[in-house]
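Notes to accompany the following structure.
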Amino acid sequence: MSARFPDFRLGKVLATSFTGTLSERRGDAVERIPTPDRLVDWLTVSGLAVESCTTAQLERARELREAIHAAATAAARRDPLPVPAVQVINDFSTQGRAAAVLTPEGNRQWRLGPPPSCVEDALGVIAADAISILAGERDGKLALCASPICQAAFFDTSQSRTRRWCEMNTCGNRQKKARFHAHKHENPASAK
C-alpha cells in the first residue's frame with residue numbers, strides 16, 4: 315500500500331522551490347520530502363533525476379534546504395547572511411559533479427556526474443542555484459510570503475517586484491478566503 319504524500323510546490327526557481335519542500339513553516343509544518351524515495355521524486359520532477367537516495371542523504375538534503383531558507387530569509391529582510399548557512403551552501407556547491415549543458419533547443423540543462431548520478435550531484439546544482447540568487451546574479455528579488463503561517467522565501471520576478479505570496483494558488487487564495495470570511499462575519503447583511 316503506497317502512502318499519500320502532499321503535492322510538491324514547484325516554482326520556476328530551483329533553490330526556492332527546494333525550500334518549499336517544507337511548507338507552512340509558521341503553522342503546522344508540512345514535510346513534502348518525508349522519505350528518501352520522495353526526495354528522489356522531487357529531484358526527478360525538478361530535472362535532476364537520481365537513481366536512489368539513502369536516509370543520510372535525505373538528512374543532508376534537509377540541511378541544505380534549511381541553509382538556503384535561512385540565507386534567503388536574511389536576504390529578503392536585507393539582513394546579513396548567516397555565516398553557517400553560507401558555509402553549508404558553499405560546501406554543497408563544491409561537492410557535486412554536475413555540469414551545465416546546452417540542449418539543441420537552446421536551453422540549459424544539468425548533467426549530473428558520470429553514471430550513476432547521485433544525490434550529492436543534484437544537491438550541488440541546487441546550492442549553485444541558491445548562490446546565483448543570493449549573489450544577485452539573476453533578475454528578481456528575494457521576498458517572503460505574506461501568509462503568517464507560510465513565510466516561505468521566494469524569488470520575485472514580477473515586473474513590479476511586489477508579489478506578496480509564494481504561490482497565489484495556495485497562500486494567496488487562502489488569505490483571500492480568510493479576508494472574505496472575516497468580512498462576511500463582520501457584516502452579515504453584506505453577505506446576502
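In this text, residue positions in the sequence shown follow the working numbering: the first is 315, and each later residue adds one. The beta carbon of each residue, even a glycine, is placed where N, CA and C say it ideally should be.
Residues that DSSP places opposite residue i in a beta bridge
i      : result
Lys455 : Asp470
Gln423 : Val415
Leu372 : Answer is none; Leu372 lacks a bridge partner.
Leu336 : Glu345
Residue i vs residue j beta-carbon contact at 8 Å
i      : j      : result
Ala381 : Leu395 : no
Ala466 : Gly334 : yes
Glu451 : Arg323 : no
Leu437 : Arg346 : no
Ala378 : Val359 : The sequence shown places Leu at residue 378, rather than the Ala named in the question. Against a cut-off of 8 Å, the Cβ pair of Val359 and Leu378 comes out as no contact.
Leu336 : Ala389 : no
Nearest-angstrom Cα separation, counted from residue j out to residue i
i      : j      : result
Ser407 : Ile440 : 8 Å
Leu426 : Arg411 : 6 Å
Phe332 : Pro429 : 23 Å
Asp355 : Ala414 : 21 Å
Glu419 : Asp321 : 29 Å
Asp470 : Val327 : 10 Å
Gly325 : Arg376 : 18 Å
Ala363 : Arg352 : 12 Å
Ser316 : Thr387 : Residue placement at Ser316 is poorly supported in this model, since its pLDDT is 41, which falls under 50; the coordinates still yield a value, given next. If I take the Cα positions, the gap works out to 35 Å.
Ser474 : Arg391 : 18 Å
Ile581 : Ala329 : This structure cannot speak to residue 581, because the chain is shown only from 315 to 506.
Thr561 : Leu458 : Residue 561 lies beyond the stretch modelled for the chain, which goes from 315 to 506, so this question has no answer here.
Pro462 : Arg339 : 9 Å
Phe468 : Ala343 : 17 Å
Gln409 : Asp443 : 14 Å
Closer than 8 Å to chain D by CB, residue i
i      : result
Asp342 : This model lacks chain D altogether; it includes just one protein chain.
Whole-angstrom C-beta distance between residue j and residue i, which should lie under 8 Å
i      : j      : result
Gln423 : Gly361 : 7 Å
Pro350 : Leu372 : 5 Å
Residue i Cβ short of 7 Å to the ligand MN heavy atom set
i      : result
Thr368 : The ligand MN is absent from the structure shown, which contains no ligands of any kind.
Touching or not, the segment 427 to 434 and the segment 366 to 383, by the rule of three or more beta carbon pairs under 8 Å? Contact check between the segment 427 to 434 and the segment 366 to 383: three or more CB pairs, one atom from each, fall below 8 Å, which counts as touching.
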